[in-house]
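Numbering (this note's numbering), first residue to last: 513 to 950.
Idealized CB from N, CA, C, for every residue including glycine.
Small disclaimer: the values here were computed from a predicted structure and weren't measured.
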Ligand SMILES: Cc1cc2nc3c(=O)[nH]c(=O)nc-3n(C[C@H](O)[C@H](O)[C@H](O)COP(=O)(O)OP(=O)(O)OC[C@H]3O[C@@H](n4cnc5c(N)ncnc54)[C@H](O)[C@@H]3O)c2cc1C
């Protein structure tokens, strides 16, 4: 049986909802005479599902980026506005929080942080245990359908099952699910239209298909949108470039640099139908003169060897190098001594400025997050409380916030959830009398 009242109801049993519930409970929110302090409603049968499947089953919990000012740079949507919540609870606080709850996080060479066991189930167990210890009541299979703000304060909630609950504070933590958007809109909020972020790219007639599995680092990617003469000048001038590791896949390009590019350009890519082309600089940032010099050195020092057998620098993938030679119309078996000036220039061009037509987004299932959601301007970021509807808090991916890959999306859930939980506990320190549901 579901209680008919609770001090706080959290709609959404994902990471943001769990953190809000646990923080409120641990901050001292006590159960009332006829209801728990905190009740989490989860529409599906399984709470924390995305945590379970995250990070390839390992859960990239956060990122070793300790300074809130640097942290905000990893959020294409949110950015500077997140300085407030991150100054209260950032990556270091998340690491300490999990440590205090019995879960050690370890840092990888690229800064991503995972549970020591490398199992996402350890994160799920930690959150579920902390919720149970704090007295949080979790109700799976209970979807919030409607919420009405009562004139005397608090909310009357209607569940899909028809059950009703009265609460003083309501937290919407429904992720990118449309039902959460509808609930927020019904309580006075606007919505920045959701679009996918963090996806891979498919290439037309995939010229690199035979290189699937090749990883190159660092590579610079630039998206060159299709011409749009009607677009405002500011949009036409805007450049979308990223540098980092690229993975060549069976359908196109993936890897952190591709995901970062599609995250920062998510809305512009959507507006242009996921078309245009990619300029790829495989050279690791070398100038044309430096590349000329490297090729000249190969020609001088190894004149009798074949082009494909000698790479200009050791980090250049053999398969990619052979492909680039062929893409310039040169013969990979020709000797370095026979490499003419024109061919050398063509190779420099291929290394620095290869162009590939984009066919669209990568296959379904590659999307990790949604850009768009409830506008941050409608939320007090010191408490995550709605500016449109007092007593309502909004956290996690429901908001118009998304991070790049690397643990930043969960970090926003921990930060916004914790800030909301603490603010609710403080606001509810003075108990109020709630009406009964009719
Ligand atoms: C495959 C995959 C891997 C990922 N890996 C990582 C990673 O390693 N690191 C990282 O930082 N990020 C990762 N992410 C992103 C991360 O999972 C999300 O940013 C994060 O889960 C958002 O948390 P949330 O609590 O806001 O929403 P969600 O996790 O989506 O949780 C919302 C919950 O609300 C429930 N719900 C919806 N509507 C209602 C309703 N009306 N009533 C009651 N309940 C409702 C949903 O069923 C859901 O359980 C990954 C995402 C995916 C898809």
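Distance between beta carbons of residue j and residue i, contact taken as under 8 Å
{"i": "residue 574", "j": "residue 618", "result": "Actually they are not in contact, since the Cβ atoms of residue 574 and residue 618 sit about 11 Å apart, beyond 8 Å."}
{"i": "residue 910", "j": "residue 685", "result": "7 Å"}
{"i": "residue 811", "j": "residue 851", "result": "6 Å"}
{"i": "residue 917", "j": "residue 771", "result": "5 Å"}
{"i": "residue 557", "j": "residue 666", "result": "Rounded, the Cβ-Cβ distance is 29 Å, inconsistent with contact."}
{"i": "residue 530", "j": "residue 570", "result": "Contact flag wrong, Cβ pair sits at about 19 Å."}
{"i": "residue 723", "j": "residue 835", "result": "6 Å"}
{"i": "residue 603", "j": "residue 923", "result": "6 Å"}
{"i": "residue 752", "j": "residue 735", "result": "4 Å"}
{"i": "residue 893", "j": "residue 596", "result": "4 Å"}
{"i": "residue 669", "j": "residue 679", "result": "6 Å"}
9 Å Cβ cutoff, residue i in contact with chain D
{"i": "residue 545", "result": "The question asks about chain D, but that chain is absent: this structure has only one protein chain."}
Beta-carbon gap between residue i and residue j smaller than 9 Å
{"i": "residue 536", "j": "residue 932", "result": "yes"}
{"i": "residue 885", "j": "residue 599", "result": "no"}
{"i": "residue 769", "j": "residue 754", "result": "yes"}
{"i": "residue 707", "j": "residue 779", "result": "yes"}
{"i": "residue 539", "j": "residue 937", "result": "yes"}
{"i": "residue 715", "j": "residue 870", "result": "yes"}
{"i": "residue 793", "j": "residue 819", "result": "no"}
{"i": "residue 860", "j": "residue 813", "result": "no"}
{"i": "residue 866", "j": "residue 677", "result": "no"}
{"i": "residue 615", "j": "residue 563", "result": "no"}
{"i": "residue 559", "j": "residue 552", "result": "yes"}
{"i": "residue 692", "j": "residue 900", "result": "no"}
{"i": "residue 737", "j": "residue 782", "result": "no"}
{"i": "residue 712", "j": "residue 774", "result": "yes"}
{"i": "residue 733", "j": "residue 784", "result": "no"}
{"i": "residue 829", "j": "residue 728", "result": "yes"}
{"i": "residue 584", "j": "residue 591", "result": "yes"}
{"i": "residue 888", "j": "residue 898", "result": "no"}
{"i": "residue 763", "j": "residue 580", "result": "no"}
{"i": "residue 632", "j": "residue 526", "result": "no"}
{"i": "residue 528", "j": "residue 926", "result": "yes"}
{"i": "residue 891", "j": "residue 682", "result": "no"}
{"i": "residue 795", "j": "residue 863", "result": "yes"}
{"i": "residue 704", "j": "residue 832", "result": "no"}
Cβ neighbour criterion (16 or more within 10 Å) applied to residue i
{"i": "residue 648", "result": "buried"}
{"i": "residue 519", "result": "buried"}
{"i": "residue 698", "result": "exposed"}
{"i": "residue 896", "result": "buried"}
{"i": "residue 545", "result": "exposed"}
{"i": "residue 797", "result": "exposed"}
{"i": "residue 903", "result": "buried"}
{"i": "residue 611", "result": "exposed"}
{"i": "residue 690", "result": "exposed"}
{"i": "residue 934", "result": "buried"}
{"i": "residue 913", "result": "buried"}
{"i": "residue 921", "result": "buried"}
{"i": "residue 841", "result": "exposed"}
{"i": "residue 673", "result": "exposed"}
{"i": "residue 939", "result": "buried"}
{"i": "residue 532", "result": "buried"}
{"i": "residue 928", "result": "buried"}
{"i": "residue 709", "result": "buried"}
{"i": "residue 824", "result": "buried"}
{"i": "residue 663", "result": "exposed"}
Three-way DSSP call (helix, strand, coil) for residue i in this model
{"i": "residue 770", "result": "helix"}
{"i": "residue 902", "result": "coil"}
{"i": "residue 675", "result": "coil"}
{"i": "residue 752", "result": "strand"}
{"i": "residue 463", "result": "The structure shown does not extend to residue 463, since the chain spans only 513 to 950, so no value can be given for it."}
{"i": "residue 516", "result": "coil"}
{"i": "residue 829", "result": "coil"}
{"i": "residue 842", "result": "coil"}
{"i": "residue 523", "result": "strand"}
{"i": "residue 758", "result": "strand"}
{"i": "residue 940", "result": "coil"}
{"i": "residue 834", "result": "helix"}
{"i": "residue 917", "result": "coil"}
{"i": "residue 540", "result": "coil"}
{"i": "residue 927", "result": "helix"}
{"i": "residue 823", "result": "coil"}
{"i": "residue 811", "result": "helix"}
Heavy atom of ligand 3 within 8 Å of residue i beta-carbon
{"i": "residue 526", "result": "This structure lacks ligand 3; the ligands present are ligand 1."}
Ordered list of beta strand (DSSP E) runs contained in the segment 543-621, each at least 3 residues
550-554 and 617-619
Could you pull out every unbroken alpha helix (DSSP H) segment of at least 4 residues lying fully inside the segment 618-667, listed in chain order?
632-645
Runs of 4 residues minimum, wholly inside the segment 848-912: which ones carry the alpha helix (DSSP H) assignment?
853-864
Please specify which runs of the alpha helix (DSSP H), each continuous and at least 4 residues long, are wholly inside the segment 679-745, giving them in chain order.
You should have 690-698.
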